[in-house]
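A.B. asks: For the sequence shown, the tail end lands on 547 under full-length UniProt numbering, and the numbers increase by one without skipping.
Structure incoming, see below.
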Amino acid sequence: MGGQITRNTFCDSLNGPFPAASHRCHHKPKRCLPIQPCGSLSSFPLLFHPSTKGSQIVMDMSQRTVKRQASFCNAITFSNRPIAVYEQVRLKITKKQCCWSGALRLGFTSKDPSRINPDTLPKYACPDLVSQSGFWAKALPEELSNEGNVISFWVDKRGRVFYRINDSSPVLFFSGVHVAEPFWALIDVYGLTRGVQLLDSEMVPLDCLRPRSFAAAHRASIQRNSDDPRLSISLCDLSLQQQEISSSCHVPQNSQNSQQCSLLPSHLDTDLHFHSMHGIHVTVLDKHTMARLDHRGDERTLVFTSRPMRCSETVFVKVKAGVTRPGCLSYGVTSCDPATLRPSDLPSNPESLVDRKEFWAMCRVAVPLHSGDILGFVVNAEGEVIMSHNGVSAGMQLCVDNSRPLWMFYGLHGAITQLRILGSSLHPDLRGPSVPSSPSCTPNTPIMFCSGNTESNLNNPMNINLNSSTTPSSPFSSHPESPTFPSCSWSDECTICYENVVDTVLYACGHMCLCYACGLKLKKMANACCPICRRTIKDIIKTYRST
Numbered sequence: 001m002g003g004q005i006t007r008n009t010f011c012d013s014l015n016g017p018f019p020a021a022s023h024r025c026h027h028k029p030k031r032c033l034p035i036q037p038c039g040s041l042s043s044f045p046l047l048f049h050p051s052t053k054g055s056q057i058v059m060d061m062s063q064r065t066v067k068r069q070a071s072f073c074n075a076i077t078f079s080n081r082p083i084a085v086y087e088q089v090r091l092k093i094t095k096k097q098c099c100w101s102g103a104l105r106l107g108f109t110s111k112d113p114s115r116i117n118p119d120t121l122p123k124y125a126c127p128d129l130v131s132q133s134g135f136w137a138k139a140l141p142e143e144l145s146n147e148g149n150v151i152s153f154w155v156d157k158r159g160r161v162f163y164r165i166n167d168s169s170p171v172l173f174f175s176g177v178h179v180a181e182p183f184w185a186l187i188d189v190y191g192l193t194r195g196v197q198l199l200d201s202e203m204v205p206l207d208c209l210r211p212r213s214f215a216a217a218h219r220a221s222i223q224r225n226s227d228d229p230r231l232s233i234s235l236c237d238l239s240l241q242q243q244e245i246s247s248s249c250h251v252p253q254n255s256q257n258s259q260q261c262s263l264l265p266s267h268l269d270t271d272l273h274f275h276s277m278h279g280i281h282v283t284v285l286d287k288h289t290m291a292r293l294d295h296r297g298d299e300r301t302l303v304f305t306s307r308p309m310r311c312s313e314t315v316f317v318k319v320k321a322g323v324t325r326p327g328c329l330s331y332g333v334t335s336c337d338p339a340t341l342r343p344s345d346l347p348s349n350p351e352s353l354v355d356r357k358e359f360w361a362m363c364r365v366a367v368p369l370h371s372g373d374i375l376g377f378v379v380n381a382e383g384e385v386i387m388s389h390n391g392v393s394a395g396m397q398l399c400v401d402n403s404r405p406l407w408m409f410y411g412l413h414g415a416i417t418q419l420r421i422l423g424s425s426l427h428p429d430l431r432g433p434s435v436p437s438s439p440s441c442t443p444n445t446p447i448m449f450c451s452g453n454t455e456s457n458l459n460n461p462m463n464i465n466l467n468s469s470t471t472p473s474s475p476f477s478s479h480p481e482s483p484t485f486p487s488c489s490w491s492d493e494c495t496i497c498y499e500n501v502v503d504t505v506l507y508a509c510g511h512m513c514l515c516y517a518c519g520l521k522l523k524k525m526a527n528a529c530c531p532i533c534r535r536t537i538k539d540i541i542k543t544y545r546s547t
């Protein structure tokens, strides 16, 4: 059966004058229109409500397209008229912004939007509006909220809400809508979803009147993927299990997005995304999101950026990890264009890539990562790769040759299930010299692979007596970053033992001041640093004279 719609309600929803006694119209059957049959559409076009909308909503003149102009919330909108039972509200996603969590919230309300003061609208439809009487809404799964997707949702005569994506089978969304009274569509342009367009409404076709339940659709998707033993990314793993259990959306997403506001720049470029070339044990969810597949054994999970990094460009990524244990992420840069690679070229052990003719440098994030953590990576003009973790700088991690184009790459390990590129930001002020990296101000030394192998069989500890000119400095003192040091005179004698000939280069500073034996012992010491410039020793490289 259809909902009862009063003449005054129709007039109010279309911005007509309010009769003095219009608030009593629902209690006067003699003033109500006959109940519409389920298969009939209103003669009025379905548009967005022109005045009752969130403070961040910008609407076009046709009232069919809305866009959130800033932030991730304050973007609640409504339909301009009541919706009929079995009438499909059809939306096309026109803009996606990948730096947020959560996506479009869809639902219905029995409150006439014309009677709602826009200034009283809360930031979020979920949980703020749905906690009030007469509002029903739920979050659309993030992975279904891609640009170009057409989402249709409707209510049946039992108050159950269904949705479908493009021409897919309908899925039970939630239930409990009161269909005995007029109800309007509620659309919250939230999080990942930046803009939507309202298409012409249609009645539900006959083949959709008996849609599968959400759980049945979920089980079917698992069954389709059961032939692939590597596949662990399922609808359940993508937070859809929570959608089945709860009739309201995931509340912590609001606080997560609020936190991201303070961790990210005010403007992010979204042209940087993942390259189509990736390891065989990851899959593409969208161009900004990669997911790791379950594989028992060696995993090939390398992913690349779509283009080289610009100088002083910070790329922000967000990780998603399992709830039981933290995950691990490896990262690095390479001069190899991913387009020249094949999936079979990407090994399970990224360290073996250093044997290739291209430049490869990599290390691992030293701290455990949890879901929602945001990492920033920048290569400055000095070739220093600097990382930040949740807005806190972790200092220089690598020194690389930035005289050629460098692509960033990542490896997903352990409990890491997804990696998303939130965007990038170019900061010209970062082009200057960075803060000197001393042992007392750098984080745990990362595992870095960039040069030849080193020996590790020297177990004897060694005491080094250095004069004041070579004593490691405090983190508050400043020293030149240049490979030259004014008080140092070059010689062929090792600056530690003063016996052997200098035959070893220190990486990453490039100083050649030690013999290989002293270099190995120095590298094994905690907080090992160069005796000349006091920069952290990442590795040592033995050299050979031509004569």
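No residue lacks a Cβ here, since even glycine has one placed at the ideal position from N, Cα and C.
Hey, is the region 408-421 in contact with the region 326-345, meaning 3+ C-beta pairs nearer than 8 Å?
C.D. replies: yes
A.B. asks: Roughly how many angstroms lie between the CA atoms of leucine 458 and methionine 525, to the nearest whole one?
C.D. replies: Only weak support is given to the placement of leucine 458: the predicted model assigns it a pLDDT of 35, under 50, and the question is left unresolved by the model.
A.B. asks: Are the beta-carbon atoms of alanine 321 and serine 371 separated by less than 9 Å?
C.D. replies: yes
A.B. asks: Would you call tyrosine 498 buried or exposed, if buried means 16 or more other Cβ atoms sit within 10 Å of its Cβ?
C.D. replies: exposed
A.B. asks: Would you mind listing the beta strand (DSSP E) stretches within the region 265-314 that are 3+ residues and don't spill past its ends, in chain order?
C.D. replies: 274-278, 282-286, 289-292, 302-305
A.B. asks: In three-state terms, what does DSSP make of glutamate 181?
C.D. replies: coil
A.B. asks: Quick one, are the C-beta atoms of proline 82 and tryptophan 154 less than 9 Å apart?
C.D. replies: no
A.B. asks: So who's on the other strand from phenylalanine 78, going by DSSP bridges?
C.D. replies: Leu186
A.B. asks: Considering only the beta carbon of each residue, do valine 189 and glutamine 88 sit closer than 9 Å?
C.D. replies: no
A.B. asks: Report yes or no: is there a C-beta of chain C within less than 9 Å of the C-beta of glycine 383?
C.D. replies: Included in the structure is just one protein chain, with no chain C present.
A.B. asks: State the beta-bridge partners of isoleucine 374 as determined by DSSP.
C.D. replies: Lys318
A.B. asks: Output the distance between the C-alpha atoms of alanine 51 and arginine 310, rounded to the nearest integer angstrom.
C.D. replies: Here residue 51 turns out to be serine, not alanine, going by the sequence shown. Serine 51 and arginine 310: Cα-Cα distance of roughly 43 Å.
A.B. asks: Look at the alpha carbon of leucine 121 and the alpha carbon of serine 71, and state the distance between them as a whole number of angstroms.
C.D. replies: 16 Å
A.B. asks: Measure the alpha-carbon distance for leucine 91 versus aspartate 286 and round it to whole angstroms.
C.D. replies: If I take the Cα positions, the gap works out to 19 Å.
A.B. asks: Rounding to the nearest angstrom, what Cα-Cα distance links lysine 96 and threonine 65 in this structure?
C.D. replies: The alpha-carbon atoms of lysine 96 and threonine 65 are separated by roughly 14 Å.
A.B. asks: Tell me whether the region 342-350 and the region 394-407 touch, counting them as touching only if at least three CB pairs, one residue from each stretch, are closer than 8 Å.
C.D. replies: no
A.B. asks: My output table needs one value for glutamine 70: the three-state DSSP class, helix, strand or coil.
C.D. replies: In the sequence under discussion, the amino acid at residue 70 is alanine, which differs from the glutamine named in the question. It is coil, neither helix nor strand.
A.B. asks: From this set, Val502, Lys521, Leu522, Lys523, which residue's C-alpha is nearest leucine 514's C-alpha?
C.D. replies: Val502
A.B. asks: Exposed or buried, what is threonine 543 when buried is set at 16 or more other beta-carbons lying within 10 Å of its beta-carbon?
C.D. replies: Here threonine 543 is exposed. Its C-beta has fewer than 16 other C-beta atoms within 10 Å.
A.B. asks: With a threshold of 16 other CB atoms inside 10 Å of the CB of residue 548, please say whether the residue is buried or exposed.
C.D. replies: No statement about residue 548 is possible, as the shown extent of the chain runs from 1 to 547 and does not include it.
A.B. asks: Rounded to whole angstroms, how far is the Cβ of leucine 192 from the Cβ of serine 145, which I believe are closer than 8 Å?
C.D. replies: 5 Å
A.B. asks: Can you look up glutamate 142 in the DSSP assignment and give me helix, strand or coil?
C.D. replies: helix
A.B. asks: For serine 424, does the three-state DSSP call read helix, strand or coil?
C.D. replies: Serine 424: strand per DSSP, three-state reduction.
A.B. asks: Do you know offhand how far tyrosine 516's Cα is from leucine 263's?
C.D. replies: 44 Å
A.B. asks: Can you look up glutamate 351 in the DSSP assignment and give me helix, strand or coil?
C.D. replies: helix
A.B. asks: Go to glycine 107, then tell me how far its beta strand (DSSP E) extends in each direction, as first and last residue.
C.D. replies: It spans 105-109 - the beta strand (DSSP E) in which glycine 107 sits, taken as one unbroken run.
A.B. asks: Go to leucine 522, then tell me how far its alpha helix (DSSP H) extends in each direction, as first and last residue.
C.D. replies: 516-524
A.B. asks: If you pair each beta-carbon of the region 106-120 with each one of the region 172-184, do three or more pairs fall below 8 Å?
C.D. replies: These segments touch.
A.B. asks: Count the other C-beta atoms from every protein chain shown that fall within 10 angstroms of the C-beta of isoleucine 151, then say buried if there are 16 or more, exposed otherwise.
C.D. replies: buried
A.B. asks: Count the other CB atoms, across all protein chains shown, that sit within 10 Å of the CB of methionine 396; report buried if there are 16 or more and exposed otherwise.
C.D. replies: buried
A.B. asks: Is it true that the CB of lysine 67 sits closer than 9 Å to the CB of isoleucine 57?
C.D. replies: yes
A.B. asks: On the DSSP bridge list, what partners appear for aspartate 539?
C.D. replies: Tyr507
A.B. asks: Using the Cβ count rule (16 or more neighbours within 10 Å means buried), how would you classify methionine 387?
C.D. replies: buried
A.B. asks: Pull up the CB-CB distance for leucine 369 and valine 319, whole angstroms please, since I reckon it's below 8 Å.
C.D. replies: 5 Å
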